[in-house]
Each structure stands twice: as C-alpha cells, then as structure tokens.
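Enquirer: Same order as they appear, the protein sequences are chains V and F. The first sequence: position 81 = 80 (numbering that gives the first Met the number 0), numbered continuously. The second sequence: position 132 = 131 (numbering that gives the first Met the number 0), numbered continuously.
Number of protein chains: 2
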Amino acid sequence: MDLMEFLKGLTQKNEKKIVLVVVDGLGGIPGPEGTELELAHTPNLDQVAKEGACGLMDPVFPGITPGSGPGHFALFGYDPVKYQVGRGVLSALGIDFPLKPGDVAARVNFATVNEKGVVIDRRAGRIPTELNRELCEELEKKIDIPGIEVFIRTEREHRACLVLRGEELRSEVSDTDPQKEGFPPLEPKPLVPEAERTVSILKEFLKQARDILSSKKPANMLLLRGFSSLPKMPSFGEVYKLTPACIAVYPMYKGLARLVGMEILKTGETIEDEINTLKENYGNFDFFFLHYKATDSAGEDGNSEKKIKAIETLDKNLPPILALEPDVLCITADHSTPTQLKAHSWHPVPVVIRAKTCFRDNVQRFSEWDCLHGILGKFPALYLMPLLLAHALKLKKFGA
Amino acid sequence: MDLMEFLKGLTQKNEKKIVLVVVDGLGGIPGPEGTELELAHTPNLDQVAKEGACGLMDPVFPGITPGSGPGHFALFGYDPVKYQVGRGVLSALGIDFPLKPGDVAARVNFATVNEKGVVIDRRAGRIPTELNRELCEELEKKIDIPGIEVFIRTEREHRACLVLRGEELRSEVSDTDPQKEGFPPLEPKPLVPEAERTVSILKEFLKQARDILSSKKPANMLLLRGFSSLPKMPSFGEVYKLTPACIAVYPMYKGLARLVGMEILKTGETIEDEINTLKENYGNFDFFFLHYKATDSAGEDGNSEKKIKAIETLDKNLPPILALEPDVLCITADHSTPTQLKAHSWHPVPVVIRAKTCFRDNVQRFSEWDCLHGILGKFPALYLMPLLLAHALKLKKFGA
Chain V
0 MDLMEFLKGL
10 TQKNEKKIVL
20 VVVDGLGGIP
30 GPEGTELELA
40 HTPNLDQVAK
50 EGACGLMDPV
60 FPGITPGSGP
70 GHFALFGYDP
80 VKYQVGRGVL
90 SALGIDFPLK
100 PGDVAARVNF
110 ATVNEKGVVI
120 DRRAGRIPTE
130 LNRELCEELE
140 KKIDIPGIEV
150 FIRTEREHRA
160 CLVLRGEELR
170 SEVSDTDPQK
180 EGFPPLEPKP
190 LVPEAERTVS
200 ILKEFLKQAR
210 DILSSKKPAN
220 MLLLRGFSSL
230 PKMPSFGEVY
240 KLTPACIAVY
250 PMYKGLARLV
260 GMEILKTGET
270 IEDEINTLKE
280 NYGNFDFFFL
290 HYKATDSAGE
300 DGNSEKKIKA
310 IETLDKNLPP
320 ILALEPDVLC
330 ITADHSTPTQ
340 LKAHSWHPVP
350 VVIRAKTCFR
360 DNVQRFSEWD
370 CLHGILGKFP
380 ALYLMPLLLA
390 HALKLKKFGA
Chain F
0 MDLMEFLKGL
10 TQKNEKKIVL
20 VVVDGLGGIP
30 GPEGTELELA
40 HTPNLDQVAK
50 EGACGLMDPV
60 FPGITPGSGP
70 GHFALFGYDP
80 VKYQVGRGVL
90 SALGIDFPLK
100 PGDVAARVNF
110 ATVNEKGVVI
120 DRRAGRIPTE
130 LNRELCEELE
140 KKIDIPGIEV
150 FIRTEREHRA
160 CLVLRGEELR
170 SEVSDTDPQK
180 EGFPPLEPKP
190 LVPEAERTVS
200 ILKEFLKQAR
210 DILSSKKPAN
220 MLLLRGFSSL
230 PKMPSFGEVY
240 KLTPACIAVY
250 PMYKGLARLV
260 GMEILKTGET
270 IEDEINTLKE
280 NYGNFDFFFL
290 HYKATDSAGE
300 DGNSEKKIKA
310 IETLDKNLPP
320 ILALEPDVLC
330 ITADHSTPTQ
340 LKAHSWHPVP
350 VVIRAKTCFR
360 DNVQRFSEWD
370 CLHGILGKFP
380 ALYLMPLLLA
390 HALKLKKFGA
C-alpha cells in the first residue's frame with residue numbers, strides 16, 4: 000500500500016492549523032547522568048508533554064540511521080525507502096540551487112592528482128571556499144558543451160555541486176570518485192543503456208575541466224559522485240489538502256521542503272527569527288514545518304553541554320509558539336544525534352502531539368524514556384502525518 | 000521492499016564482534032507465581048538487562064506461532080513468510096544430511112497398511128529406531144531407479160527422510176500421507192506440469208518400496224509429505240559483511256544456520272561445550288549464533304521446574320561469555336514455549352542488547368514483563384539483525 004495514496008482519499012480541508020517543530024538530532028543516549036534532553040531544564044517542553052500525547056518514533060525502522068533526507072521525508076509522510084534522493088540532488092538543495100525536473104546533479108570534490116593522474120588528495124588539501132568559488136566561476140564560464148547548460152557551484156572548502164541541464168539527460172551514471180587515494184579517477188559508466196549519451200557529455204566535461212584545472216594544483220581535478228535527478232514526489236499540499244510553509248535557516252531543509260512542494264518562507268539566522276516568521280505568516284498557511292538545527296550540530300560535535308544549551312534555547316523560545324495556540328502542535332526530531340557517537344544514529348526519537356483531541360497521558364517530562372511510556376507508544380515516523388492530520392480532524396472516517 | 004536487499008547497501012565491515020545467544024523457547028506465560036523466567040534465579044541475565052537495552056519481540060507477527068525454521072530465519076533477518084522451508088528439507092537438515100541444490104527431500108513415515116492397502120497405523124506402532132535403520136539401509140540398497148540417486152535415512156522411531164537426487168527434479172508434488180487412518184495412501188500428484196517426471200519417479204520408488212516392505216509388517220508402507228528443495232537464500236555473510244559461525248548441539252539448528260551460509264563449529268553436547276567452542280573460536284569470526292535447547296525441551300514437556308532449572312543453568316554459564324566482552328551481546332529466543340501449552344506459542348519473547356552504543360534503560364530484570372518496558376519496546380524479530388548491526392556500527396547512514 001502506498002500510504003500517501005491511501006491518505007489522499009481521506010484528507011479533508013478545514014481551518015485548523017498544524018505546527019510541526021523539528022528539533023534536528025534531538026534524541027540521545029544516556030551518559031552517566033542521563034541524556035541531554037533529560038539533563039536540560041525544559042519547563043516549556045515538559046508542559047507540552049504534560050498537556051499532550053507522547054511517544055517514541057523510529058525514523059525509518061529499528062536499526063536504521065537516516066540522513067537528513069530520509070529523516071524528513073518520513074516526518075512528512077513520504078516512505079523514505081521509496082522516495083530516495085541522490086547525493087547530487089541533496090548537494091543542489093543544500094546550496095539552494097533551483098534544480099528543474101530532468102537536471103542531472105552530482106556532488107563534486109576538488110582533488111589533487113599527481114603527474115601520472117593518480118589521486119593523491121581527494122579533498123585537494125581542503126582548499127579555501129574563496130578559491131573554490133573562483134575555480135567554479137572559471138569552469139562554468141569556460142566549459143562549452145553544445146546543447147548543454149553546465150552549472151558548477153561552490154558548497155564550501157573542496158566541495159561543490161555540478162548540474163547538467165539539457166534534453167534527455169539521465170542520472171544512471173557511475174561515480175568517478177575512486178573513494179580512495181592512490182588510484183586514478185574512475186571513468187563514468189552508464190548504468191542503463193539510455194545513459195550513454197550523458198556519459199559522453201560527462202567525459203567531454205571532465206576533459207575540459209581537467210585542461211582548465213591543469214595549472215591549479217592542488218585543485219587540479221574534479222571527482223564526481225551521486226549522479227541524480229529530482230525524484231517524482233506527490234505534492235504535500237495536494238495529498239494532505241494543506242497549505243504548507245517551511246521555516247528553516249539551512250538550505251538543505253528548505254530544499255527538502257521545496258521538494259515536496261512547501262512554500263519556503265524567508266527568515267533570519269536564529270530561532271527567534273524563525274519564530275517571528277511563524278508569527279508573521281501564521282494567518283496565511285495551515286501547516287508549518289519549523290526546523291531547529293542547533294541540537295544536531297552540538298550532537299555532531301560530541302558536545303554534551305552545547306547540546307543541553309541548544310535544547311534550553313529552544314525551550315526558552317517556545318512560549319510565542321504556544322501563545323499562537325495551534326490546533327495541533329507537534330515537537331519531535333528527524334533522528335537522534337547522540338553526543339557519544341558524534342553522528343546521526345538509529346535510536347528512536349521522542350515526540351509529543353498537543354491538541355484538544357489528543358489522549359492526554361501521564362507523561363510529565365519531555366524525554367526519550369518518558370515518551371516511550373506515553374500513549375502513542377513506539378511507532379514508525381511515517382505515521383506521524385496521519386496522526387497530525389487526525390488530531391486536526393483533517394482525516395475522514397475510513398470505510399462506512 | 001526486500002529488507003536484506005536494503006540492508007546489503009548499508010552494511011560495512013569492521014572489527015566489532017556480535018554474539019547472539021538464542022535461548023530456544025525461552026518465553027512463557029505466567030503461572031500463579033509468574034513465568035519461569037521470572038521465577039528463575041538469574042543474576043547474570045539480570046545484570047545484562049541492567050546494562051543493556053531491552054525489548055519484546057514478535058517472532059513473526061502477533062498471533063503467529065513459528066516453527067524452528069521461521070523462528071530462526073526471523074532472528075537472522077530473513078522474512079520468514081518469504082523464505083519458507085519445506086518439511087522435507089527440515090527433516091534433511093535435522094539429520095545433518097548434506098542436501099544439495101536441486102535435491103528433492105520428503106518427510107517419511109513408516110506406516111502399517113492392511114491387506115486392502117488401507118492405512119491402519121500412520122506410525123507403524125512407533126517401530127524402534129534400530130528397526131527403522133535396518134529398513135532404511137535395505138531400501139536404500141535395493142531400490143534402483145536409473146539416473147536417480149535415492150537416499151532414505153532414519154530420523155527416529157517411525158520417522159525417516161527421503162532424498163532424491165538427479166536431473167531436473169521438482170518438489171511441487173502433493174503428499175501421499177492421507178493424514179488419517181482408514182484411508183489408502185494418496186497417489187503423488189504433480190502440482191505444476193514440470194513435476195510430472197518427478198511424480199513418475201516417485202511412483203516407481205513407492206512401487207519398489209512397497210515390494211521390499213511387503214513382508215515387514217507393521218512397517219509395510221511409506222507415507223511421504225512435505226516435498227521440498229533447498230530455497231535460494233541470500234548469504235548471511237555477504238549481506239551483512241560478517242564472518243558468521245554457528246554453535247549448536249542439535250542438527251536442526253546447525254542445518255538452519257548452514258542454509259544461510261554460516262560456518263558450523265564442532266562442539267559437544269552441553270552448554271559448557273558450546274561456550275568452550277565460542278571461546279576457542281572467538282578470534283576467527285565476528286558473528287556467533289549460539290543455540291541453547293534445554294529451555295524449549297522443558298517447555299514442550301510442560302515441566303515448569305525443569306524449565307526454571309534450564310534457565311538457571313544458562314545463567315550460571317553466562318560469565319565466560321560476558322568475559323569475552325563482545326561489542327554486541329544479544330540474548331533472546333526464537334519463540335516462546337509455555338509449559339502450560341507444552342508447545343511453541345505466539346507469545347512475544349524478551350530480548351536484551353548490550354553494547355556501548357545502546358540506550359541503557361531502566362530495566363532491572365530479564366523477564367517478559369520487564370522487557371516490555373524497555374527502550375526497544377515491542378518490535379518484529381525481523382528487525383533484530385538491523386539493530387545488532389547498528390549497535391556494532393556496521394550500518395552506514397541511509398541517505399545523506
């Protein structure tokens with residue numbers, strides 16, 4: 000069964016508003032004194048937990064550690080195993096590149112090759128972002144392939160993003176990045192016969208790029224990986240009969256929201272900015288995805304104190320959201336980022352849904368352990384959207 | 000989605016070791032004073048529960064009572080509904096017969112027929128195993144079918160196993176066992192057109208067998224059921240990038256492990272022998288499946304006291320396993336065998352995963368009820384392998 004297809008037949012428009020706050024990487028695992036969420040002082044989160052229905056979600060399924068793409072797709076109700084987005088597309092989203100259907104995108108590394116053409120540094124000594132920008136501009140200006148538009152755009156340091164635009168391009172092409180030093184770059188290969196023309200174009204692109212970069216050591220080569228195109232995804236607004244808006248600081252999350260058809264609201268750099276954006280636009284949409292990044296960054300840094308502070312900062316900023324009295328308020332995460340692992344993890348994430356229609360349970364504290372014992376129990380994140388729609392009375396009865 | 004296909008793209012080799020202890024039939028249902036697991040004195044199991052993450056698993060899905068095959072396949076990450084193994088193959092595995100791809104195996108009953116050919120005892124009065132052995136030897140020696148190798152091997156009492164080996168044999172053949180006394184044996188029938196030749200061969204086999212057995216009353220007939228061939232199963236080692244070993248006393252479990260490609264280690268008859276085998280081979284593998292049978296046998300006997308002792312014997316023997324400090328230690332069961340039912344059951348089984356990377360929860364006691372309240376919650380056994388791999392950091396992030 001396709002969940003979205005099923006839900007589409009049950010959704011109904013009404014005036015109720017849903018606010019989904021995604022606290023990136025919120026979940027953790029206990030240190031000697033508990034998880035960061037347990038250690039943080041969070042009177043507002045706890046109040047929401049007291050008034051709401053709590054649970055614990057597996058982002059994908061037990062054991063699977065999601066990247067940002069799968070983590071958010073699941074929260075948005077898109078089966079992350081079915082809707083997979085390639086590295087190249089994510090790179091393009093991450094720099095806010097206006098990707099079009101049919102474009103082929105790839106993640107680019109500037110790299111160093113020796114006189115024999117062997118890769119001796121896959122990251123070209125992590126060249127400064129400014130040099131990366133100069134090289135990208137020169138490449139984009141000089142490279143000339145008839146019938147093809149070539150975009151090559153800086154991410155940062157040695158990383159960039161390549162986008163090819165033209166007729167009948169295909170993304171089923173193998174990586175040129177050998178993934179290890181001591182080997183020459185790989186030839187791109189078609190993974191389906193229809194990709195042969197794209198491969199010829201890529202070979203021409205690589206030839207010209209190599210010539211242009213030959214004097215630019217250490218950044219004298221490009222390595223390409225994760226060729227991909229925009230996936231066909233059902234429209235969030237159409238399936239759920241919602242008018243959705245995204246409030247996020249980082250391009251990646253705006254890009255993911257744009258992929259499913261949310262409107263991206265302009266905002267500033269801080270959580271205060273994001274909440275102001277929410278307040279200013281509150282009358283114009285009935286679904287808000289508000290993304291908070293600081294918890295994940297602290298988790299990736301392995302900095303427990305910073306993660307606690309990031310949680311407390313979020314907590315302090317909740318009152319203006321609560322004051323809007325959204326019909327359904329949900330606070331959760333796209334995945335855990337335990338400071339002990341300094342990385343995303345598979346551990347389930349806490350979730351609270353506060354609504355007049357919720358089964359208010361006995362959970363007194365918003366934490367992983369407390370939420371496990373909430374009325375929502377443990378469930379796959381893919382079921383979050385049906386739950387939010389249900390609590391907003393936006394899902395009709397199934398069957399007579 | 001095929002789970003193994005999906006996982007195969009995420010698995011990565013590292014040096015970490017996983018030990019999976021399967022306590023056969025461990026789960027129970029409470030008597031007046033609790034379940035056997037609650038009544039047993041289990042300081043070591045409880046210590047592992049305190050240090051680990053606990054949960055409760057449905058072997059297949061709620062309500063389904065698995066045989067040994069499905070129970071173990073689920074633990075190994077093979078969807079037991081997709082990978083079904085026929086009775087004949089299980090019989091062959093159970094006597095350690097070296098089955099080859101293409102062989103057709105069937106479960107055999109020695110039976111008694113009267114002068115009209117009607118089955119009057121489906122079990123031939125449970126003839127002694129020794130007589131069974133003599134008859135099998137005689138049948139195997141005398142039966143002659145050109146181009147076909149015939150193996151007929153003793154299990155015990157009236158039970159044996161038939162294996163046909165030859166070109167283009169098919170297992171889609173109906174049983175000859177009428178399942179009730181008072182009826183003649185059924186004719187084998189092809190269930191697909193391609194099985195017609197196999198059916199002719201079987202008819203010839205049955206004719207010769209009947210002639211040989213005609214004077215051997217009560218064992219004067221063979222009943223055949225569960226025709227089956229080795230299923231095509233992905234290799235455990237390849238999918239998970241593990242070097243797996245099986246330590247089990249009973250042939251059935253070795254057979255199941257061999258089916259998925261584990262190496263079968265020679266061991267003795269007791270749990271002490273098994274643990275010595277684990278210690279001796281600990282350096283050579285990174286995944287160990289250690290099977291403990293006594294709990295299931297006691298459950299099948301309906302002997303609560305014996306089951307409690309079996310659990311306590313396991314508990315006493317845990318320290319040498321704990322001393323190996325496996326990176327991931329998991330203790331669980333393939334199914335419940337409540338003494339009240341004297342049989343396998345559908346009741347969920349307790350599971351604990353101890354690892355540095357686990358969410359150490361507040362569970363203090365390894366029991367069904369305590370484990371229900373652990374951080375892993377209740378989940379299908381099919382997700383155990385992804386969880387074990389995740390805790391050993393052997394699963395890459397899914398998506399960027």
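Using N, Cα and C, we set each Cβ at its ideal position, and we do this for glycine too. As the structure is a computational prediction, the values presented were derived from the model and not from experiment.
With a Cβ-Cβ cutoff of 8 angstroms, do glutamate 148/V and arginine 164/V count as a contact?
Expert: yes
Enquirer: What did DSSP end up calling tyrosine 382/F once you bin it into helix, strand or coil?
Expert: helix
Enquirer: Can you grab the Cα-Cα spacing for the pair tryptophan 345/F / asparagine 283/F, in whole Å?
Expert: Rounded to whole angstroms, tryptophan 345/F to asparagine 283/F spans 36 angstroms at the Cα level.
Enquirer: With tyrosine 239/F as the anchor, note down where its alpha helix (DSSP H) starts and where it stops.
Expert: 235-239
Enquirer: Check the Cβ of arginine 224/V against every Cβ in chain F and list those closer than 8 angstroms, keeping chain order.
Expert: None at all; the shortest Cβ gap to chain F is about 11 angstroms.
Enquirer: Using only the alpha-carbon positions, how far apart do aspartate 143/F and leucine 98/F sit?
Expert: 20 angstroms
Enquirer: Which residue marks the beginning of the beta strand (DSSP E) containing tyrosine 291/F, and which one marks its end?
Expert: Looking at the DSSP string, the run of the beta strand (DSSP E) that includes tyrosine 291/F is 286-291.
Enquirer: Are isoleucine 246/F and threonine 266/F closer than 8 angstroms when you measure CB to CB?
Expert: Yes; because the gap between Cβ atoms is below 8 angstroms, this pair is in contact.
Enquirer: Does the beta-carbon of glutamate 193/F have 16 or more other beta-carbons within 10 angstroms, so that it is buried, or is it exposed?
Expert: exposed
Enquirer: What does valine 172/V touch in chain F if you count any residue whose Cβ is under 7 angstroms from its own?
Expert: Here the premise fails: no neighbours, minimum Cβ distance about 17 angstroms.
Enquirer: Here's the rule I'm using: 16 or more other beta-carbon atoms within 10 Å means buried, otherwise exposed. How should glycine 62/F be labelled?
Expert: Residue burial annotation: glycine 62/F is exposed, with fewer than 16 other C-beta atoms found within 10 angstroms of its C-beta.
Enquirer: Count the other CB atoms, across all protein chains shown, that sit within 10 Å of the CB of serine 335/V; report buried if there are 16 or more and exposed otherwise.
Expert: buried
Enquirer: Note down, in chain order, every chain F residue with its Cβ under 8 angstroms from the Cβ of glutamine 363/V.
Expert: Within chain F, no residue comes near glutamine 363/V; the closest Cβ sits about 15 angstroms away, beyond 8 angstroms.
Enquirer: So glycine 66/V packs on glycine 398/F, CB below 8 angstroms; how close in whole Å?
Expert: 4 angstroms
Enquirer: If you scan the stretch 189-227 of chain F from start to end, which runs of the beta strand (DSSP E) of 3 or more residues do you find wholly inside it?
Expert: 220-227, all fully within the stretch 189-227 of chain F.
Enquirer: What do you get for arginine 155/F, buried or exposed, if any count of 16 or more other CB atoms within 10 angstroms of its CB means buried?
Expert: exposed
Enquirer: Ordered along the chain, which non-local residues of its own chain (more than five positions away) have a Cβ less than 7 angstroms from that of phenylalanine 75/F?
Expert: Taking C-beta separations shorter than 7 angstroms and ignoring five residues to either side along the sequence, the partners of phenylalanine 75/F in its chain run Phe235, Val259, Met384, following chain order.
Enquirer: Taking DSSP as the reference, what is the three-state secondary structure of glycine 376/F?
Expert: strand
Enquirer: Buried or exposed: where does glutamate 35/F fall if 16 or more other Cβ atoms within 10 Å of its Cβ makes it buried?
Expert: buried
Enquirer: Under 9 angstroms Cβ-Cβ, which residues of chain V neighbour glutamine 385/F?
Expert: Note that residue 385/F corresponds to proline in the displayed sequence, not to glutamine. Within chain V, the residues Phe60, Pro61, Gly62, Ile63, Trp345 have their CB atoms less than 9 angstroms from the CB of proline 385/F, given in chain order.
Enquirer: Which bits of chain F does glycine 66/V rub up against, with CB to CB less than 8 angstroms?
Expert: Within chain F, the residues near glycine 66/V are Lys396, Phe397, Gly398, Ala399.
Enquirer: Using CA atoms only, rank isn't needed, just tell me which of Ile352/V, Lys393/V, Lys396/V is closest to alanine 48/V.
Expert: Ile352/V
Enquirer: On a CA-only basis, which of Lys15/F, Gly373/F, Thr331/F is nearest glycine 24/F? Give me that one, please.
Expert: Among Lys15/F, Gly373/F, Thr331/F, the Cα nearest to that of glycine 24/F is on Thr331/F.
Enquirer: Residues in the stretch 71-86 of chain V with C-beta within 9 angstroms of chain F's C-beta atoms, listed in sequence order?
Expert: Of all residues in the stretch 71-86 of chain V, Phe72, Asp78, Pro79, Val80, Lys81, Gln83, Val84, Gly85, Arg86 have a Cβ within less than 9 angstroms of some Cβ in chain F.
Enquirer: Listed in chain order, which residues of the stretch 351-375 of chain F have Cβ atoms closer than 9 angstroms to some Cβ of chain V?
Expert: Lys355, Thr356, Cys357, Phe358, Arg359, Asp360, Asn361, His372, Gly373, Ile374, Leu375
Enquirer: Kindly confirm or deny that the stretch 121-137 of chain F and the stretch 248-263 of chain F touch, where touching means at least three C-beta pairs closer than 8 angstroms.
Expert: no
Enquirer: If you count every other CB in all the chains shown that lies within 10 Å of the CB of asparagine 131/F, and 16 or more means buried, which is it?
Expert: buried
Enquirer: What does isoleucine 144/V reach in chain F if we use C-beta pairs closer than 9 angstroms?
Expert: Chain order gives no chain F residues near isoleucine 144/V, where near means a beta carbon separation below 9 angstroms; the closest approach is about 27 angstroms.
Enquirer: Of all the options Asn113/F, Val162/F, Leu44/F, Val80/F, which has the alpha carbon lying nearest to the alpha carbon of glycine 101/F?
Expert: Val162/F
Enquirer: Quick one: what's got a C-beta closer than 7 angstroms to leucine 371/F's C-beta in the same chain, skipping five residues either side?
Expert: Leu55, Lys377
Enquirer: When the Cα atoms are used, what is the spatial distance from glycine 116/V to cysteine 160/V?
Expert: 22 angstroms
Enquirer: Does any residue of chain V have a CB that is nearer than 8 angstroms to the CB of leucine 241/F?
Expert: no
Enquirer: Would you kindly check if the distance between the Cβ of isoleucine 274/V and the Cβ of asparagine 316/V is under 8 angstroms?
Expert: yes
Enquirer: By the three-class DSSP mapping on this structure, what secondary structure does asparagine 131/F have?
Expert: Here asparagine 131/F sits in helix by DSSP.
Enquirer: Does glutamate 279/F pass the burial test, meaning 16 or more other C-beta atoms within 10 Å, or should it be called exposed?
Expert: exposed
Enquirer: List, in chain order, every chain V residue whose beta-carbon is nearer than 7 angstroms to that of methionine 251/F.
Expert: Result: empty, since nearest Cβ-Cβ is about 28 angstroms, beyond 7 angstroms.
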